[in-house]
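Chains as they are written, first to last, in my numbering: chain A, 1 to 374; chain B, 375 to 748.
The beta-carbon is built from N, C-alpha and C at its ideal position, and this holds for glycine as well.
Report on the following structure.
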C-alpha cells in the first residue's frame, strides 16, 4: 500500500481520490471544505489547504509516494512545479495552458517522473496514437470527443461539467491542426460536420484546440486534428454569440459601467448549464488512425461511450478522465513506467505493456475502448 | 398649400417631411440638429426642439393645419395628447404602447381627427382588412411582414432599421393572436414556419405582437394573427439569447456591478446591426384574408415588396411606413376623412374612397400592393 496525495478535490479530483483509495492511502487536499466532505472513506485523509501556496503543497505531499495534480488549469503549472521541486513523481490532469516542457530539465535533475495531460482527451487519444505509430506509418489522426447531457433541451442542448467560462474558452481559442505536415490555425467552431454514433445518433463536430503536445511530439504524422462534439446546431448558436461579442474579455461601457461581456455571459450561463445531481450524461469519443503497415492500407478506430454511473454518482467526464489518471499513477507505482522528466501521454503510449495495463485498468471500471480495424 | 408640422425627424420622420414638402409647407422638428441637417428643402422649415415638453410642441404646431407624430414610441402618447390639446388634426406613427382610445373623448371634445398606427404594419394591414370586411365575412386574417437586408451575413442575417432594443422588444413581448374568436397569448418567436416570396426566396415567420387595435376593433373576425419575417434560422438564435437571459431588463450582479443583460446586449448589437449608408434592404409583407362572400369561399392576398431607393436615399421601411402616413395626412387635408376622435387605420379602411386614395398615392411612389384573388 502506497500513499498518494491528490491535489484538488473537484469533480475529477474526487473520483480520482475514491478510485485510488481502493488500493492505497490517499491524502486529498482542496481549499473548499465542501468538496472534501463527500470523501468519507477509511483510506482517505482530507486536508483543507490553499494550494496556490507552494509551502502548503510541500507539507501535504511530504510523505506521499506519488502526487496527482487535479487543480484548476490556471494554477496547474505552478502546482506541478512545486511537486517537482519536492522531488515527487506526479501525474497531472489540470490541463494548464503553459508549456510543460519548461519543467523538463528540473524534473530530470530531481529524478522525477512527471506525466501531464493524462485524462481522456488529451490523454487516451495521445496514448493510442503513439501506440499504433510504433508499428504503422500514420498518415492521418483524428479525434472527436465531447461530453453531453442525455436530455436534449433547446436551445443549447448542452450542459457543462465545469465552469461555462472554461467551455467558452474552447469556443474562442484558435485551433491548431496539422495538414500535410504543416501546422495551421483554424478558428474554433469552424468546419462543422455531422457524424453519427451508436446509441447516441447524429452529433456535430467542429474544430477546437485539442492537439496540445501532439503538435510538437508527433511531427512524423502529417495530418492531425481534434474536434469537439455537440448536438447539431450548438456551434451555430455559439458562433453567433461569439460573433456578436458576448465572449469578449475586453470591457465595454454600459450606462457608465465598465464590464467585460464574457463576465455577463458566464453569469447568465452558470445556472442554465449546471448539471442537476444525478443527471444522466455521457462522454463520447472516436479516434481514427489511418496509414500503412507493411505497405498495406490500415485504418484503426477506437470508440468510447461512457455514461454517468448512478451507483457511485460519478460523472462520465470524471470517470474517463480520472481513471486514465489513476491507471497511469499505478503504472508509475508498479515501476512499469520510470522515465525521468516531463512526459506527455504519447510517451507512455510508446510502451506496449503500459498501454495494455491502462486499457485493462479502464475496462475493469467499465470504461471500454472498442477497437475496429480495416 | 397647407402647413404641416412633422414632430420627429428620424429615419421615417425625414421621409415624411420630404414627401409632404412636394405639395405643402412643412415644419420639421427634432431634438437632434443632425437629423434636421439633411432636410434642406425650400418648403421645409426646421426647428430644433425638445418634443418631450408640451410647451415646445404647442409653439411649433400653432400655425399648422395638420400634425404628424413621428417621435420615438416611448414619448408617442404624450406627444399625441399635446397635439390633441392644441386642437390640431393629427396622423401618428410613433407606435406607442399605451391605449390610444384613452384620448378619444378629448379628441372628440376638441373637434380633432386623430389617426394612429398609420404605417405599413400596423397601418396598411388594418386598412385592407377593414376594407374587405365591409363586403365579405372574414374568417381568417394573417399578416406576415419584415424588413431585411439584401446581403445575408451569418450568423444573424439581419440588420435593424431602428434601435436594437426596439427590435428585441418584438422578440420578448408576448403576442396576442385571435383563434376561434378568442384572444390567446403566444410567446414571441413561437410557431416558426417557412414561407417563400417572389424575388426573395424562403423566409421564416414567427409570432409577434402586431395586431394591436385589431384585437379590439375586429371582434367579428374569428382568426387573426401577425407574424414577423426573417431569414431562416434567426428565430432560433434569438430564442437562444432570450432563453439564456440576454434580453432581460432585470439587473444581475457581475463582479460587484449591477447591470441589466439587455443593456449589454443592446450595446453589442448596436454597431453590428446598423445599416451602412446606401445599403440595400427591403420590406416584404403578405396579407391574407380568407372568408365568404355571398356564400362562396373567397381568398384575397396582398403582396408588397419594396426596396431601398438609391435615388432619394430612402429606406424601404421609411417609404412603406412614411408614405402610408403622408397619404393619410392628405386624406384629412382633402376632407376625404373627417370623423372626429381617435381612429385606428381600420376605421379609414371602411371608406372605399379613402382606401383607393391611399393605394393610388402609394402606387405613385412605387409602393405597390399586388392583389390576388381566389
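Beta-bridge pairing of residue 444 of chain B - partner residues as DSSP gives them
Per DSSP, none; premise fails for residue 444 of chain B.
Identity of the residue in A:53, A:321, A:184 nearest residue 94 of chain A by Cα
Here the closest residue by C-alpha is A:321.
Do residue 463 of chain B and residue 487 of chain B have their C-beta atoms within less than 8 Å of each other?
The Cβ atoms of residue 463 of chain B and residue 487 of chain B sit closer than 8 Å to each other.
Would you say residue 168 of chain A lies against chain B (beta-carbon separation less than 8 Å)?
no
Quick check: is the beta carbon of residue 254 of chain A nearer than 8 Å to any beta carbon in chain B?
Flagged as an interface residue toward chain B: residue 254 of chain A, by a C-beta distance shorter than 8 Å.
Between residue 251 of chain A and residue 259 of chain A, what straight-line distance do the alpha-carbon atoms span, to the nearest angstrom?
5 Å
Within 8 Å, strictly: CB atoms of residue 389 of chain B and residue 402 of chain B:
No, Cβ-Cβ distance for residue 389 of chain B and residue 402 of chain B is not below 8 Å.
Quick check: is the beta carbon of residue 583 of chain B nearer than 8 Å to any beta carbon in chain A?
It does not: the Cβ of residue 583 of chain B has no partner Cβ on chain A nearer than 8 Å.
Through-space distance from residue 13 of chain A to residue 318 of chain A, alpha-carbon basis
Their backbone Cα atoms lie some 8 Å apart in a straight line.
So what does residue 523 of chain B bridge to, in DSSP terms?
Residue 523 of chain B pairs with B:655.
Leaving out the 5 sequence neighbours to the left and right, which residues in its chain are closer than 7 Å to residue 118 of chain A when beta-carbon positions are compared?
91, 92, 93, 324, 325, 328, 345
Given residue 336 of chain A, which residues of its chain have a CB within under 8 Å of its CB, disregarding the five upstream and five downstream residues?
Result list for residue 336 of chain A: 351, 353, 354, 357, in chain order.
Can you have a look at residue 608 of chain B and say buried or exposed, based on whether 16 or more other CB atoms are within 10 angstroms of its CB?
buried
Give the interface partners of residue 203 of chain A over in chain B, defined as CB-CB distance under 7 Å, in chain order.
Near residue 203 of chain A there are no residues of chain B at all, since even the closest Cβ is about 18 Å away, more than 7 Å.
Alpha carbons only, please: which of B:377, B:680, B:477 is nearest the one belonging to residue 438 of chain B?
B:377
Just checking: is the beta-carbon of residue 529 of chain B within a distance shorter than 8 Å of some beta-carbon in chain A?
yes
Residues in its own chain within less than 7 Å of residue 680 of chain B by CB, not counting five upstream and five downstream?
656, 657, 690, 693, 694, 741
Mind reading off the beta-carbon distance from residue 606 of chain B to residue 627 of chain B? Whole number of angstroms is fine, and I expect it under 8 Å.
At roughly 37 Å, the Cβ-Cβ gap does not stay under 8 Å, so residue 606 of chain B and residue 627 of chain B are not in contact.
Interface positions of the segment 628 to 657 of chain B facing chain A (Cβ-Cβ less than 7 Å), listed along the chain
628, 629, 631, 633, 635, 637, 638, 641, 642, 643, 646
Our contact map puts residue 151 of chain A next to residue 171 of chain A with C-beta atoms below 8 Å; I'd like the distance itself, whole angstroms only.
Not really, about 22 Å apart at Cβ, beyond 8 Å.
DSSP three-state call for residue 513 of chain B: helix, strand or coil?
Correct three-state label for residue 513 of chain B: strand.
With a cut-off of 8 Å, does the C-beta of residue 750 of chain B fall near any C-beta of chain A?
Residue coverage of chain B in this structure runs from 375 to 748, which leaves residue 750 of chain B outside it and unanswerable.
6 Å CB neighbourhood of residue 122 of chain A in its chain, flanking five on each side removed
212
Taking the alpha-carbon positions, what's the residue 457 of chain B to residue 669 of chain B distance?
46 Å
Give, in chain order, every residue of the segment 230 to 247 of chain A whose Cβ lies closer than 8 Å to some Cβ of chain B.
233, 236, 237, 239, 240, 241, 243, 244, 245, 246
If you draw a straight line from the C-alpha of residue 157 of chain A to the C-alpha of residue 149 of chain A, how long is it?
8 Å
Taking the C-alpha atoms as reference points, what is the distance between residue 485 of chain B and residue 384 of chain B?
Each residue's Cα considered, the two are about 29 Å apart.
List the endpoints of the continuous beta strand (DSSP E) containing residue 449 of chain B.
Element bounds for residue 449 of chain B: n/a, residue is neither H nor E.
Top-ranked residue by Cα proximity to residue 162 of chain A, from A:198, A:60, A:334, A:271:
Closest in alpha carbon position to residue 162 of chain A, among A:198, A:60, A:334, A:271, is A:271.
Do residue 596 of chain B and residue 685 of chain B have their C-beta atoms closer together than 8 Å?
Between residue 596 of chain B and residue 685 of chain B, the CB-CB gap reaches or exceeds 8 Å.
Under 8 Å by Cβ, that's how I've got residue 682 of chain B and residue 745 of chain B pegged, so tell me the actual separation to the nearest angstrom.
Contact annotation, residue 682 of chain B with residue 745 of chain B: C-beta distance approximately 24 Å; criterion of less than 8 Å not satisfied.
Cβ-Cβ distance between residue 528 of chain B and residue 647 of chain B below 8 Å
no
Spatial neighbours of residue 428 of chain B within its chain, please: C-beta separation below 6 Å, excluding the five flanking residues on both sides.
456
Is there at least one non-hydrogen atom of the ligand ATP closer than 7 Å to the beta-carbon of residue 454 of chain B?
In the structure on display, the ligand ATP does not appear, and there are no ligands present to speak of.
To the nearest angstrom, report how far apart residue 341 of chain A and residue 96 of chain A are at their CA atoms.
18 Å
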